[in-house]
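Written below as structure tokens is the structure these notes are about.
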Amino acid sequence: MAERLVALDLDGTTVNHAGELSPVVRDAVRAVADAGVHVVIATGRSTVAAMPVIDALGLSHGFAVCSNGAVTLELDPSENGGYRFLDVVTFDPAPALNLLRERIPDAAVAVEELGVGFKLSKPFPDGELVGQLRVVEWEELVSAPATRVTLRSPEATAEEFMRLVGEAGLHEVSYAVGWTAWLDINPEGVTKGSALEQVRRHLSVEPAHTVAVGDQRNDLEMLHWAARGVAMGNAPDEVKAAADEVTGHVDDDGLVPVLRSLLD
Numbered sequence: 217m218a219e220r221l222v223a224l225d226l227d228g229t230t231v232n233h234a235g236e237l238s239p240v241v242r243d244a245v246r247a248v249a250d251a252g253v254h255v256v257i258a259t260g261r262s263t264v265a266a267m268p269v270i271d272a273l274g275l276s277h278g279f280a281v282c283s284n285g286a287v288t289l290e291l292d293p294s295e296n297g298g299y300r301f302l303d304v305v306t307f308d309p310a311p312a313l314n315l316l317r318e319r320i321p322d323a324a325v326a327v328e329e330l331g332v333g334f335k336l337s338k339p340f341p342d343g344e345l346v347g348q349l350r351v352v353e354w355e356e357l358v359s360a361p362a363t364r365v366t367l368r369s370p371e372a373t374a375e376e377f378m379r380l381v382g383e384a385g386l387h388e389v390s391y392a393v394g395w396t397a398w399l400d401i402n403p404e405g406v407t408k409g410s411a412l413e414q415v416r417r418h419l420s421v422e423p424a425h426t427v428a429v430g431d432q433r434n435d436l437e438m439l440h441w442a443a444r445g446v447a448m449g450n451a452p453d454e455v456k457a458a459a460d461e462v463t464g465h466v467d468d469d470g471l472v473p474v475l476r477s478l479l480d
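Position in the sequence shown (first residue = 1) + 216 = the working numbering.
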């Protein structure tokens, strides 16, 4: 049988909105991996936030895409933490952050520190970020190359945030607005889709044998990239419109029928 690859988003797809991994979903992921399909986690989460879920899924070998494509891991249980960095793409966050600071001065900013946690302009709500979190001065926040930057503006709606971000005129970066007023900024041209293409080539999987499942705007490129792009039932309308098909809600284990279809 031809090599196959399925890319799975985590939050809102594999993990529900309460942060829980359903045993039914876990077993379905394991069944697909045991059948020889390359299961590649593709998430906006940082490495330190993604690895506990990857471990819970029982995925000890293969690849994972983190930080919306800026970081690609090769899973290896012999390595410290169970992985090694295969590819890391960084950018200078200062120009974008200085622009956005003028437009959205009340936003909380987090700059990812690879494999460690985040530098923060001010505290984020409890549980939203994982790893070592430290509040620093603005100059330190923007002083070093970063894989990903996150802005959080709890007072704004996602629509208001999209408008403000659009008016800021960001250049030479990629960005995606989440289901709340949450903005992820990555190096230009870096998305889950771009990182998955590199993994696909590394694994010698033909494009026709790729599947991707996701639920948010940062999954759009990944859904376009895959031969079969599947949106979760809880996805925004624009994500559903970009997909080849729509499955059930994450709270109803909507990922499971997609995975089971790979075993037919």
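Ideal placement from N, C-alpha and C gives every residue a C-beta, glycine not left out.
query, result
"Pro-403 beta carbon less than 7 Å from that of Phe-279", "no"
"Residue nearest to Gly-343 in terms of C-alpha spacing, selected from Ala-265, Ala-247 and Val-415", "Ala-265"
"Rounded distance between the beta-carbons of Val-421 and Val-254, thought under 8 Å", "Note that residue 254 is His in the sequence shown, not Val. Between Val-421 and His-254 the Cβ distance is about 7 Å, and since that is below 8 Å, they are a contact."
"Val-248 and Leu-478 closer than 7 Å at C-beta", "yes"
"For Asp-243, the nearest candidate out of Asp-227, Asp-225, Thr-263 and Leu-275 (CA to CA)", "Leu-275"
"Distance, Gly-298 Cα to Met-438 Cα", "25 Å"
"Contact the stretch 408 to 419 vs the stretch 428 to 443: 3+ CB pairs below 8 Å", "yes"
"Alpha-carbon to alpha-carbon, Leu-302 and Ser-283", "13 Å"
"Reduced DSSP category for Gln-432 - H, G, I as helix; E, B as strand; rest coil", "coil"
"Under 7 Å between C-beta atoms of Val-462 and Ala-447", "yes"
"Length of the line joining the Cα atoms of Leu-349 and Arg-317", "20 Å"
"Exposure of Ala-451, with buried meaning 16 or more beta-carbon neighbours within 10 Å", "buried"
"Arg-416, DSSP secondary structure in three states", "helix"
"Boundaries of the alpha helix (DSSP H) in which Ile-270 is found, first to last residue", "263 to 272"
"Val-352 versus Phe-334: straight-line alpha-carbon distance, rounded", "10 Å"
"Beta carbon of Ala-323 nearer than 7 Å to that of Ser-369", "yes"
"Collapsed DSSP secondary structure at Ala-326 in the structure displayed", "strand"
"Distance CB(Val-365)-CB(Ile-401) smaller than 7 Å", "yes"
"Whole-Å CB distance - Thr-363 paired with Glu-328, under 8 Å assumed", "5 Å"
"Presumed contact (8 Å Cβ cut-off) between Leu-226 and Val-269, rounded CB distance", "6 Å"
"Any C-beta of chain B under 7 Å from that of Ser-337", "The structure shown contains no chain B; it holds only a single protein chain."
"Val-256 beta carbon less than 7 Å from that of Val-406", "no"
"Residue from Gly-430, Glu-355 and Ala-458 with nearest C-alpha to Thr-259", "Gly-430"
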